[in-house]
Each structure stands twice: as C-alpha cells, then as structure tokens.
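Working notes, beginning with the structure itself.
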Amino acid sequence: MNPLLCRLPILAKIGLSSVLLVMVIGYVASLAHLKSHVGRKDDDPELTWTDIVGTYAGVERPSPLLVALDDPRHREKWATGLTPPEEKVLRDWLARGATVSGGGRDPVESGYDAHAPGMPEDALLPADILETRCVRCHATEATEGDGVGARIPLRRWPEVRKFAYAKTLNPISKEILTISTHTHALSLGIMAMAYVLLLTATRWPRGLIGFLGFALGFGLLLDFVGMWWARSWTPAAALVPVGGALFGLGFGLATLLLLLDLWRPSARVGS
Numbered sequence: 028m029n030p031l032l033c034r035l036p037i038l039a040k041i042g043l044s045s046v047l048l049v050m051v052i053g054y055v056a057s058l059a060h061l062k063s064h065v066g067r068k069d070d071d072p073e074l075t076w077t078d079i080v081g082t083y084a085g086v087e088r089p090s091p092l093l094v095a096l097d098d099p100r101h102r103e104k105w106a107t108g109l110t111p112p113e114e115k116v117l118r119d120w121l122a123r124g125a126t127v128s129g130g131g132r133d134p135v136e137s138g139y140d141a142h143a144p145g146m147p148e149d150a151l152l153p154a155d156i157l158e159t160r161c162v163r164c165h166a167t168e169a170t171e172g173d174g175v176g177a178r179i180p181l182r183r184w185p186e187v188r189k190f191a192y193a194k195t196l197n198p199i200s201k202e203i204l205t206i207s208t209h210t211h212a213l214s215l216g217i218m219a220m221a222y223v224l225l226l227t228a229t230r231w232p233r234g235l236i237g238f239l240g241f242a243l244g245f246g247l248l249l250d251f252v253g254m255w256w257a258r259s260w261t262p263a264a265a266l267v268p269v270g271g272a273l274f275g276l277g278f279g280l281a282t283l284l285l286l287l288d289l290w291r292p293s294a295r296v297g298s
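Pasting the structure below:
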C-alpha cells in the first residue's frame, strides 16, 4: 500500500480539497436541476416515479377523477351518495367536456361550471356535483376524508383542474437522449475513474475501495442502461433511480474518505 495523498504538500492538499468540494457542488447542482426539470414533467413540483417513467418511457395517465370514479374501494367508502345521473354527468364531462359558445376555454374547463347551448338551466353541473358530493372530504378545511383534502382539494376550478385532465407524457427524443448520454457518460465515467485512482492512493482498506469502485461504475451503468432500455420496456426505468442512488452513495462516501485521508496523515485507518 502506498498512501500518497497524506504526503502531499499543503498547497496541493488545499487544491485537491477544493476540487473535491467543487465536484460536490456540481453534483448537488445536477440534483437540483433534475428535480426542477424532470420533476415538472407531470405538473407536480415534486420528483415522482411518474416523472421518471414519463421522461424515459412515456406515460398515458387517465384523469385522476375518472380513476376515483372507477375505484370500487373509493366508491364503497366515500362516494356512497353519488347518484347514477350525477356519475354520468361527471363521466361525460371528463371524457368529452361540454361546449359553450364564445368561451375560448377548453371543453373541460368551460363545462365545469357552465351549461352548454340548449341544456336546461337546472341541469346538473360538475361544479355543483363536486361541491355536494366531494368537498366534504376534498377541501383544505375538511374534517372528513382522513386528511385527503389537503392533498386533493376540489372546491374551486384551479384546484380541480389538476385532477380533471388525462395526460400524455412523451419521452424525451432519441436525439436529446443521445446528446445527454454523450456528454454525461464521458464526463461522469472519467470522474469515477479519477476517484477510484485517488482512493488507491489512500490508506483505506482495499475491500472498501473495491466497493466504492463498484458503486461508482455499476451505478453509472445501470443509470444509462435504464434510460435507453425504458424506451422499449417501461419497467427498466426503475434502473435510473437505482443506478443514480448507487452512484450517489459511492460518490458521497468516496469524497468524504478522500478528504479524511488527505487531512489526517497520522490516522491509522486500515492496512
């Protein structure tokens, strides 16, 4: 074993430590970009499984309100008062929307609280049905529903619109994925190799260094394989977060161990 890092001149230690910290800053920035860019795929600011699948495989997501209407558990426990005519109004509205003249709004939005031409003035409207049947649970101030109102409020259109529409999430194009792979595979691959080489110049146990090398390299491989394989087999999208987590674990731990060995020349941490 040849622990070279602990014997570097002080200025070299400062420089190498600065580079390692810059790498950490860059990695944190990439995670922030992932959350802000990919995390908005499904219009939910949080990074979700739907965002990942939608980015690399594509997602056909039905209207969440229709899903609730089709869920027998939801109907049995909560939607017991919904009548067949009310259900038909909601289904017709969500599937096709209503039409109003001179509106300029899309059919689902315009049909939420306005009658289509020729409809009786006393005809049921989705807004009224949701207010009567759903808001007792689906409102921020609701006392029923086990707190679902805080997550899925349905009192006003700006709230309802988030759950009314079906959504198609198209995957990124092959051209963009190719450019991203070209850029990140080379840069991250070189970074991983540099980390492993630096670790071999420390006094940490060879088994630990071997694990970190595995986490960095195999994590990257899973990540990139998942991005491409998901285009033809959707479950492969799971490899993206698994690979990313494995690489992140290796990166974080390797950075910490390098800094420790660099600045603690007298410590005996392995053989």
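Note that the working numbering has the sequence shown beginning at 28, numbered continuously upward. Built from N, CA and C at the ideal position, the CB exists for glycine as well. Owing to the predicted nature of the structure, the values given are computational and were not obtained by experimental measurement.
Residue of the options minimising C-alpha distance to residue i
i	options	result
Thr181	Ala191, Gly85, Ser200, His165	Position check: residue 181 holds Leu in this sequence, whereas Thr was assumed. Leu181 has its Cα closest to that of His165, out of Ala191, Gly85, Ser200, His165.
His211	Ser63, Gly271, Leu38, Leu43	Gly271
Leu121	Leu74, Ser90, Gly172	Ser90
Thr347	Leu215, Leu204, Thr227	Because the chain spans 28 through 298 in this model, residue 347 falls outside it and cannot be assessed.
Gly275	Arg258, Asp250, Arg291	Asp250
Leu152	Glu113, Pro268, Leu266, Ala106	Glu113
Asp381	Leu92, Glu186, Arg102	Given that the chain is displayed from residue 28 to residue 298, the structure contains no residue 381 and the question cannot be resolved.
Lys104	Gly172, His64, Gly145	Gly172
Cys161	His101, Ala141, Trp231, Met218	His101
Trp231	Pro36, Leu287, Val94	Leu287
Leu157	Asp133, Leu213, Ala95, Gly145	Ala95
Leu239	Leu285, Arg88, Leu74	Leu285
Cβ-based burial, residue i [other Cβ within 10 Å; buried from 16]
i	result
Gly279	exposed
Lys201	exposed
Lys68	buried
Gly124	In this prediction, Gly124 has a pLDDT of 46, which is less than 50 and means its spatial position is unreliable; what the coordinates show is noted afterwards. It is buried - the Cβ of Gly124 has at least 16 other Cβ atoms within 10 Å.
Asp97	exposed
Met254	buried
Ile52	exposed
Gly246	buried
Ser45	exposed
Phe241	exposed
Pro198	buried
Val135	buried
Ser207	exposed
Ser57	exposed
Leu283	exposed
Ile217	exposed
Ala59	exposed
Arg34	exposed
Ser259	exposed
His55	According to the sequence as given, residue 55 is Val; it is not His. Counting Cβ neighbours within 10 Å, Val55 comes out exposed, since fewer than 16 surround it.
Pro36	exposed
Pro262	exposed
Range covered by the beta strand (DSSP E) that runs through residue i
i	result
Leu196	194–196
Val86	86–88
Cβ distance (whole Å) where residue i is taken to contact residue j below 8 angstroms
i	j	result
Thr167	Ala177	6 angstroms
Val80	Ala264	5 angstroms
Tyr222	Trp184	That pair is no contact at about 52 angstroms.
Lys40	Trp290	7 angstroms
Leu225	Leu32	7 angstroms
Leu196	Gly85	6 angstroms
Endpoints, the alpha helix (DSSP H) within which residue i is located
i	result
Val80	76–83
Glu73	Premise fails: Glu73 is in no alpha helix (DSSP H) and is neither H nor E.
Pro91	91–97
Arg178	175–178
Ala39	37–64
The ligand COA heavy atom lying under 6 angstroms from the CB of residue i
i	result
Asp155	Absent from the structure shown: the ligand COA. Ligands present: none.
Item checked: Runs of alpha helix (DSSP H) wholly within the region 114–168 (minimum 4 residues, chain order) -> 134–140, 153–160
Next item on the list: Could you name each continuous alpha helix (DSSP H) segment of 4 residues or more that falls completely within the region 240–293, going from the start of the chain to the end?
Entry: 266–290
Item checked: Segments of 3+ residues assigned as beta strand (DSSP E) that fall wholly inside the region 190–239 -> 194–196
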